[in-house]
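As structure tokens, the structure follows; a few thoughts come after it.
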Amino acid sequence: MKYAVIDVGTNTVLLLIAEIGNEFREVLDIATITRLGEGLKATSRLSETAMERTLAALQTYRDTAEKNRVRTILCVGTAALREAGNSDIFLSRVEERLGFPVKVISARDEAYYTYLSVKHDPAGAGGDFLVIDIGGGSTEVIEGSRGCFGGFVSLPSGSVKLTEMFIRHDPPLPDEIRSVREHIRLLFNAPLVKRGGLLVGTAGTVTTLASIALGVDEYDKGRIHGAKLGLDTINNVITRLAGMTVAERRVLPGMEKGREDILLQGIILLQEVMAYLGAAEVIVNANGVRYGIIYEQLGEA
Numbered sequence: 001m002k003y004a005v006i007d008v009g010t011n012t013v014l015l016l017i018a019e020i021g022n023e024f025r026e027v028l029d030i031a032t033i034t035r036l037g038e039g040l041k042a043t044s045r046l047s048e049t050a051m052e053r054t055l056a057a058l059q060t061y062r063d064t065a066e067k068n069r070v071r072t073i074l075c076v077g078t079a080a081l082r083e084a085g086n087s088d089i090f091l092s093r094v095e096e097r098l099g100f101p102v103k104v105i106s107a108r109d110e111a112y113y114t115y116l117s118v119k120h121d122p123a124g125a126g127g128d129f130l131v132i133d134i135g136g137g138s139t140e141v142i143e144g145s146r147g148c149f150g151g152f153v154s155l156p157s158g159s160v161k162l163t164e165m166f167i168r169h170d171p172p173l174p175d176e177i178r179s180v181r182e183h184i185r186l187l188f189n190a191p192l193v194k195r196g197g198l199l200v201g202t203a204g205t206v207t208t209l210a211s212i213a214l215g216v217d218e219y220d221k222g223r224i225h226g227a228k229l230g231l232d233t234i235n236n237v238i239t240r241l242a243g244m245t246v247a248e249r250r251v252l253p254g255m256e257k258g259r260e261d262i263l264l265q266g267i268i269l270l271q272e273v274m275a276y277l278g279a280a281e282v283i284v285n286a287n288g289v290r291y292g293i294i295y296e297q298l299g300e301a
């Protein structure tokens with residue numbers, strides 16, 4: 001039978017269609033940037049424009065699921081829908097217009113599903129590992145191993161939030177970049193995990209970083225999934241992006257359309273977390289929450 005899993009994030013809406021038997025076969029995996037959380041930091045509400053953009057993407061995804069004869073649609077929402085004061089309006093519209101509910105999952109569930117996606121990845125870590133999941137509105141740092149979910153810390157910031165809080169110029173001023181870094185370091189007052197093992201990075205910041213670093217013009221999961229990115233490579237990409245305007249970044253090979261204004265801040269967040277953890281490199285994982293939900297359906301939690 002076929003399942004569709006939709007992940008409604010602060011910046012991106014993702015669709016995975018998978019055929020489930022004794023194991024699962026990926027049929028389709030696509031992403032659309034809708035910026036649902038645009039302006040959320042300032043207003044604590046989802047804007048009408050952002051909600052309608054996201055509803056349009058969900059309509060397309062529902063139609064795609066129907067064409068693929070999907071039996072069940074499982075849709076989850078993360079940070080933006082957890083935080084917005086008017087999330088109920090958006091959730092009601094989805095169910096009324098599209099006929100399926102959106103389950104707003106906790107930060108813990110988000111971390112757990114991300115953990116499952118790494119745990120069951122054939123190219124994943126064999127022993128202990130840490131996962132960093134950089135979203136638009138929050139960032140999870142997750143401990144795990146093949147044997148168990150070891151816990152997580154959720155940092156209340158992501159690529160969209162950092163951009164809206166600190167970036168006012170194009171290209172950004174050095175003082176703005178400095179403010180981004182200082183804010184991220186303040187988040188480390190939380191008891192961030194510190195342990196050995198591999199560091200795995202997931203979500204659009206890391207996959208787009210990999211595409212740029214590896215010179216992959218159009219997104220190619222086969223080339224970036226499992227790639228290793230060292231701090232020197234990451235630092236070089238940061239230096240390049242910091243000196244470019246948004247328009248110049250938009251045409252950079254590997255840049256995902258719609259991510260050009262927020263990517264730099266997301267990569268700086270990755271770099272700062274790596275420095276704090278003492279990690280020399282990050283392994284790219286192109287899966288994430290939607291894959292973890294499929295593994296749960298398979299009974300492999």
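Counting from 1, one number per residue, gives the positions in the sequence shown under full-length UniProt numbering. For every residue, glycine included, the Cβ atom is placed at its ideal position computed from N, Cα and C.
Exercise. Is the CB-CB distance between H120 and Y3 below 7 Å?
Worked result: no
For this session: Quick one: using the 10 Å Cβ neighbour count with 16 as the cut-off for buried, is P156 buried or exposed?
Result: exposed
Exercise. Do you know how far the Cα of G151 is from the Cα of I212?
Worked result: 31 Å
For this session: Quick one: grab the DSSP three-state call for L14.
Result: strand
Exercise. Less than 7 Å separating the beta-carbons of T245 and D170?
Worked result: yes
For this session: Look at the alpha carbon of E38 and the alpha carbon of C148, and state the distance between them as a whole number of angstroms.
Result: 35 Å
For this session: Kindly indicate which three-state DSSP category F152 falls into: helix, strand or coil?
Result: strand
Problem set entry | Of the listed residues I268, L231, V5, nearest to P174 (C-alpha basis) | I268
Exercise. When we look at the beta-carbon of G299 and count the other beta-carbons within 10 Å, is it buried (16 or more) or exposed?
Worked result: exposed
Problem set entry | Sequence-distant residues of the same chain with beta carbon closer than 8 Å to I20, five excluded per side | M1, K2, Y3, I294, Q297, L298
Exercise. Closest by CA to V76, which one among I262, A84, V13?
Worked result: V13
Exercise. Are the CB atoms of E176 and I184 nearer to each other than 7 Å?
Worked result: Going by C-beta atoms, E176 is not nearer than 7 Å to I184.
Exercise. Short check: CB of V160 to CB of N287, under 7 Å?
Worked result: no
Exercise. Can you round the beta-carbon distance between Y113 and G144 to whole angstroms, since I take them to be within the 8 Å contact cut?
Worked result: That belief does not hold up - the Cβ atoms of Y113 and G144 are roughly 12 Å apart, past 8 Å.
Exercise. Nearest-angstrom Cα distance between R290 and R97?
Worked result: 22 Å
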